[in-house]
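**Q**
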Amino acid sequence: MNWLQKNTYIVVLFVAFLVMGAFLLITDNGKTTYEQIEIQHGDTLWTLAEQYRGKMTTQEWIEQVKAENALSGEHIVAGHAITVPVNSNSIYIANLKSEEEFHSVEVAVKNQ
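Mapping of the sequence shown onto full-length UniProt numbering: residues 1 to 112, in sequence order.
(1) Restricting to runs no shorter than 3 residues, where is the beta strand (DSSP E) found entirely within the region 11-56?
(2) Tell me whether W3 is buried or exposed, calling it buried when 16 or more other Cβ atoms sit within 10 Å of its Cβ.
(3) For K55 and Q36, what's the separation of their Cα atoms in angstroms?
(4) With distances taken between CB atoms, is the gap from L45 to E63 smaller than 7 Å?
(5) So what does V84 bridge to, in DSSP terms?
(6) For N69, which residues in the same chain have their Cβ closer than 7 Å to its Cβ, ignoring the five residues on either side in sequence?
(7) To the nearest angstrom, how far is it from the Cα of A16 to the Cα of G42?
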């Protein structure tokens with residue numbers, strides 16, 4: 001007991017790590033994966049959300065993209081790459097290559 005009283009900062013740090021770990025395990029449903037995409041001319045977060053959001057609401061998806069890429073607003077620039085959440089229930093089996101870019105084609109969705 002004497003050791004605990006002398007090293008309370010270690011105990012507090014250990015408890016904080018346990019609480020954070022438990023929080024992550026409880027809140028993470030493990031269904032969101034991320035993909036890095038290059039922004040094309042004319043893309044907006046709203047149009048990208050319609051393509052990649054899955055069952056998330058558009059606003060939830062945009063907030064996740066902003067947090068993941070440290071964006072302060074909804075302004076994105078063509079030619080830059082951003083990381084976007086992708087519905088992991090979607091199965092992507094085909095990538096069509098055009099002259100300048102790759103497109104993922106969603107061909108099936110798993111039933112839950």
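Note that CB positions come from ideal geometry on N, CA and C, so glycine has one too.
Just so you know, these numbers come straight off a predicted model, no measurement behind them.
**A** Reading it off the structure:
(1) 32-38
(2) exposed
(3) 19 Å
(4) no
(5) E35
(6) I82, T83
(7) 45 Å
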